[in-house]
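Presented below is the structure to which this report refers.
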Amino acid sequence: MAQDWRIVTLFIGSILVLGAIIGGPLVYAIMLSFYSAKSFVGELQWVGLANYAKAIQDPLFWQSFANGLMIALSAIFLQVVLGVGIALVLNRRFFGQSVVRAVSILPYFLPTVVACLIAQWILDPNYGLLKSLLASFGIGIADWSSQAFTARGTIVLVSVWLWTPFVVTCVLAGLQTIPTQLYEAARVDGAGPWRQFWHITLPGLRSVLVVVILLRGIWMFNKFDLIWLLTKGGPLNQTETLPTLAYRKSFLEFNLGGGAAVATISFLILAGVMLIYLRLFPIDDTKQER
Amino acid sequence: MGIYIPGDKKAGTGLFGLTRRNFLVSSAAVIGTGLAAPAVRAQSGVTLRFLNNETSAASQAALRNACDEYEAKTGVKIIIDSSPISGSMEKAMAAINGGQPYDLMTASFIATVLEFVHAGVLVPLTDMVKRYDWGRGAAWDYEGENWYYPFDYNLVMNYYRKDLYAEKGLKIPETSDQFLENCRALTVLDGSNVDVGGCVVPLASDSATNWAAFGNMFAEGVELFDGDWNVVLDQGENADRAKRFLDLYAELYKTMPPGMNTVSFAQLMSLFATGKSAHTLYSGRLVEALEATNPELADKYGVFASPGSSGGKALSYAFDGFCVFKTPQSEEALKFLQWFVDEHYVDWLLSAWMNNHPARMDIYENERWKSHPMIQKHWETMMTMKSFIESDDVVIKAIDTSGPSIDIRPCTVFNANVMPEMLQQKALGNAPSADCIAAAAQRIRSLI
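Here the protein sequences line up with chains A and B, keeping their order.
Mapping the first sequence onto the UniProt record's numbering, position 182 (from 1) lands on 182, and the numbers just tick up by one.
Mapping the second sequence onto the UniProt record's numbering, position 198 (from 1) lands on 198, and the numbers just tick up by one.
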């Protein structure tokens, strides 16, 4: 009975702490979106849904939504494809397997700001390592930050570099739960590597991949630090996403209500998409089978 | 050490023989002491908090020394938080909202100061400022009060390489066309890429671009507002002037090294200091950077004001100064600031000897300031900088001080990066100048 009390106390304590550090700011941000606030320390004025109306009438909002979607989908696709591929290789026995596995996860330990600085040093069009390397072959380097395609591509590449190890780790763990007898039986039945992958590995990884894609989707769509550090939403708003737009409105234009409205809409869109996703791809295998 | 067995009350001695009761009582005591510590410390004396955005080692040391001396003299402790300029306003606002406002701050843009004034969080410094003569525009007031104590101008000058000018037989440009020709003459191409730029002018959506990129525009006579705060950027003769500026920028852009879209304050200096650009735009800080990183080049540079198409000259600027916040300790903060500007102002200026281009005119006669070896060495440049603030032939203007008087409206334009985005539309989007100007004017109207 005493232990029950401890569990209840810890549970209630956790809920209260989570409510304070997650629920509180969330409710405050949603509340702010109904107010006009010209600065962080000015008076709030109730404006109802005006900030929402303004946000969805702003072409930049929809451009930011599209940019965010494009960057997130490209990054997730590459992270998952590369992550599964690398995990398949690391799942095989070879000399130095443990060392290679440990090294492969290293980029995930890098703080985003460090990764972005390294990327900028490599890609700097005036002093960068890539420029020096290409120059030795007589090849010039384009200014990646001044064109939409290369700026977006850089964001995607850096995110793939940073977060593919997360996918590798999850998939590697998933691979080790697939019974080896299934592969042995398939080989006896004459199945080649491709058919083994398609009919055993992929179904075996289903739950892992559903969770990985869900998490990477949420994280990439909400990604702020990497984009802000690399491009600040430029050139010409071509890498502006909803999180950077919300930041720009709140912290550069001091339009706190407008920024909060953008952030709230972004939250609702993400929540809606995730609900649909989980409906289509339930994490619980038994639900999928029904 | 006893072993803990659930339900066994006799075995209640846990780790290191500590009972649960003792553990809870000790924890409460520790937490209580921690919570009470600030109050105890407050009773022992006043503690002021100073947000400093002059982050060079010399400036931080000068401030620290002064604060230590003040504490030894008065018992008032001053905690200094040093934070780069780019995030200091957000930091100050977060501190106010968090219930722990700073007492003092160094502020760098009028846009920043006016945001604070509008929020009603600053203490006026009028009496302190009025005691001295100030250079043009430095002692600006708003609603009849001075809100900060300036210490420099941060004039954005065009730096050029004297050796390269001599080599190519170039003269200091009197018009924007001549400037463009000089930039073209000094550009070194590597295939189709610019290897050494004729000039660098920032293009990112940030304060560096707002600060540095619009000297030529002001020299052209472009106004954002008329006397009644109507937006006139896209109106009549003003639109033609703005178009001339944008057309000039588009041509200059072709002579710039790559990366202008992400160029920072530091890169504006480093591109010149490393020979990657023949011109750059910066304040006196660049001279300090040259002395520190490329002393040879420190003997080969010159400065001039940004020219317009018909020979007008202009410089953009951004004063730096001290602000005092409204807090329960404002009186103590004012006393400290008064002491600091009486006793340590010159030390502070000399901590960034060329960047802290004096806004207080008596400093130019101060023997200690004048005799600093680096100021002596670069005396000609310092006097040129002084002539800029004394001569009515040179327009001194900034995006955040546009319009008929100091006002929050141009500050909003500054903070929203409207003008940098106008440049981007032209240089990166290749849009017609008239469209860029119309879009910027429309944005300004929607913002104010």
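Every residue, glycine too, gets a C-beta built ideally from N, C-alpha and C.
Is the beta carbon of residue i less than 9 Å from the beta carbon of residue j?
i	j	result
B/Phe50	B/Asp81	yes
B/Phe151	B/Leu349	yes
B/Leu281	B/Val201	yes
B/Tyr107	B/Pro101	Residue identity check: residue 107 of chain B is Ala in the sequence provided, not Tyr. No, the pair does not count as a contact, with Cβ atoms beyond the cut-off.
B/Val121	B/Ile96	yes
B/Leu48	B/Glu343	no
B/Ser277	B/Val156	no
B/Trp134	B/Ala431	no
B/Ala204	B/Asn158	no
B/Thr175	B/Glu145	no
When we look at the beta-carbon of residue i and count the other beta-carbons within 10 Å, is it buried (16 or more) or exposed?
i	result
B/Gly275	exposed
residue 304 of chain A	The structure shown does not extend to residue 304 of chain A, since chain A is modelled only from 1 through 290, so no value can be given for it.
A/Trp5	exposed
A/Leu245	buried
B/Ile78	buried
A/Tyr99	Going by the sequence as given, residue 99 of chain A is Val instead of Tyr. That one is exposed.
A/Arg93	exposed
B/Phe325	buried
A/Met31	exposed
B/Ser44	Here the model assigns B/Ser44 a pLDDT of 49, short of 50, so the residue's position is not dependable, and the following value carries that caveat. Exposed.
B/Ala66	buried
B/Phe319	buried
A/Gln97	exposed
B/Pro307	buried
A/Ile276	exposed
B/Trp369	buried
B/Gln249	Residue identity differs from the one stated: residue 249 of chain B is Tyr in this sequence, not Gln. Result: buried.
B/Trp379	exposed
Between residue i and chain A, is any beta-carbon pair separated by less than 9 Å?
i	result
B/Ser192	yes
B/Asn417	yes
B/Lys276	yes
B/Ser391	no
B/Leu349	no
B/Gln424	yes
B/Thr126	no
B/Val40	Low confidence applies to B/Val40: its pLDDT is 44, below 50, so where it sits in the model is not reliable enough to give any reading.
B/Thr327	no
B/Ala421	Before going further, note that residue 421 of chain B is Glu rather than Ala in the sequence given. By this cut-off, B/Glu421 is an interface position.
B/Gly429	yes
B/Thr412	yes
B/Leu447	yes
Distance cutoff 9 Å, beta carbons only. Does residue i sit that close to anything in chain B?
i	result
A/Tyr35	no
A/Trp5	no
A/Ala223	Note that residue 223 of chain A is Lys in the sequence shown here, rather than Ala. Not closer than 9 Å to any Cβ of chain B, the Cβ of A/Lys223 fails to qualify, so no.
A/Ala142	yes
A/Thr231	yes
A/Pro235	yes
A/Gln45	no
A/Ser159	no
A/Gln120	yes
A/Ser136	no
residue 295 of chain A	Residue coverage of chain A in this structure runs from 1 to 290, which leaves residue 295 of chain A outside it and unanswerable.
Would you list the one or two residues that DSSP bridges to residue i?
i	result
B/Val156	B/Ser316
B/Tyr142	B/Glu145
residue 452 of chain B	Any question about residue 452 of chain B goes unanswered here, given that chain B covers just 1 to 448.
A/Val168	Looking at the DSSP assignment, A/Val168 forms no beta bridge with any residue, so it has no partner.
B/Val395	B/Ala314
A/Val210	Paired residues: none, contrary to the question.
A/Gln97	DSSP, once it has assigned bridges, lists no residue as partnering A/Gln97.
A/Trp46	A/Tyr35
B/Thr280	B/Tyr159
B/Leu122	B/Phe325
For a test of your reading of the model: does the CB of residue i fall under 8 Å from any non-hydrogen atom of the ligand GDP? Yes or no.
i	result
A/Val188	This structure simply doesn't include the ligand GDP, nor any ligand for that matter.
Along the region 251-269 of chain A, where does the CB come closer than 8 Å to a CB of chain B? Name the residues. Within the region 251-269 of chain A, the qualifying residues are Phe251, Leu252, Glu253, Phe254.
If you measure beta-carbon to beta-carbon, which residues of the region 251-281 of chain B are closer than 8 Å to chain A? Answer set for the region 251-281 of chain B: Pro257, Pro258, Gly259, Met260, Asn261, Thr262, Leu271, Thr274, Lys276.
Tell me which residues of the region 122-134 of chain A have at least one Cβ-Cβ distance to chain B shorter than 7 Å, keeping chain order. Answer in chain order: Asp124, Pro125, Asn126.
For the region 64-98 of chain A, which residues have a beta carbon sitting closer than 7 Å to at least one beta carbon of chain B? Per Cβ criterion, the list is empty.
Of the residues that make up the region 174-208 of chain B, which ones have a beta carbon closer than 8 Å to any beta carbon in chain A? Of all residues in the region 174-208 of chain B, Asp190, Gly191, Ser192, Asn193, Ala204, Ser205, Asp206 have a Cβ within less than 8 Å of some Cβ in chain A.
Under 9 Å, CB to CB, which of the residues in the region 112-124 of chain B have a partner in chain A? The region 112-124 of chain B vs chain A, Cβ under 9 Å: Glu115, Phe116, His118, Ala119, Gly120, Val121.
Chain A contacts made by the region 285-318 of chain B, where a contact means CB separation under 9 Å: Against chain A - using a Cβ distance shorter than 9 Å - the region 285-318 of chain B contributes no residues.
Closer than 8 Å, Cβ to Cβ, to anything on chain A: give me those residues from the region 77-103 of chain B, in chain order. So the list reads Glu90, Met93, Ala94, Ile96, Asn97, given in the order they occur along the chain.
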